[in-house]
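Letter 48 of the sequence shown, counting from 1, is numbered 72 in my numbering, and no numbers are missing. Glycine is no exception: its CB is placed at the ideal position from the N, C-alpha and C atoms. Note that the structure is predicted; figures quoted are calculated from it, not measured.
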Amino acid sequence: SPIVDPPGLWQFQWTGEAILWIGLSGIAAFLVNFSGFLVMGNISALAHVLLGQFKTAIIMILAAIIFGSKYSTVQLLGAAGAVVAIMFYSQVTMQEKEVHKQQGSSSNNDVENQQQVLAVPLISKGKDDR
Numbered sequence: 025s026p027i028v029d030p031p032g033l034w035q036f037q038w039t040g041e042a043i044l045w046i047g048l049s050g051i052a053a054f055l056v057n058f059s060g061f062l063v064m065g066n067i068s069a070l071a072h073v074l075l076g077q078f079k080t081a082i083i084m085i086l087a088a089i090i091f092g093s094k095y096s097t098v099q100l101l102g103a104a105g106a107v108v109a110i111m112f113y114s115q116v117t118m119q120e121k122e123v124h125k126q127q128g129s130s131s132n133n134d135v136e137n138q139q140q141v142l143a144v145p146l147i148s149k150g151k152d153d154r
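Encoded structure:
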């Protein structure tokens, strides 16, 4: 039946090379999902969404450069604009974090903790920026 055995599944040439590439693809998919899980535990929801958009824009731009993928000018400008905007967001959040660090500890820890969660940059200068 087509539900249990999609057409062509048993006709596929199951060579050692094919099994290797399918297995590597599965491992890569697992690692992508696992890294997303790890990232989500350490950054805010907004930063996670922006990171996903950044990744999509970079993939699109690199596909156009490396593989010659065809995108309209508007699509490429949108992707480039997204990259620039996310880099700007990261710069602003790093500056805000530096200002909070210079001001010292606040008397209201809940407000300070909330600001720290919102000000996690996507692009850091080093491991001390966390």
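Fully enclosed beta strand (DSSP E) runs of no fewer than 3 residues are not present anywhere in the segment 63-96. Rounded to whole angstroms, Ile51 and Gln126 show a C-alpha spacing of 44 Å. Contact check for Ala81 against Ala106 passes: the beta carbons are separated by less than 7 Å. One thing to note: Ala103 has its Cβ within 7 Å of the Cβ of Met84.
In terms of Cα proximity to Gly76, the closest of Phe36, Asn57, Glu41, Lys94 is Asn57. Rounded to the nearest angstrom, the gap between the Cα atoms of Gln35 and Thr117 is 54 Å.
Taking a C-beta distance under 7 Å as the contact criterion, Phe78 and Ile110 qualify as a contact pair. With a 10 Å radius around the Cβ and a threshold of 16 neighbouring Cβ atoms, Ser114 comes out buried.
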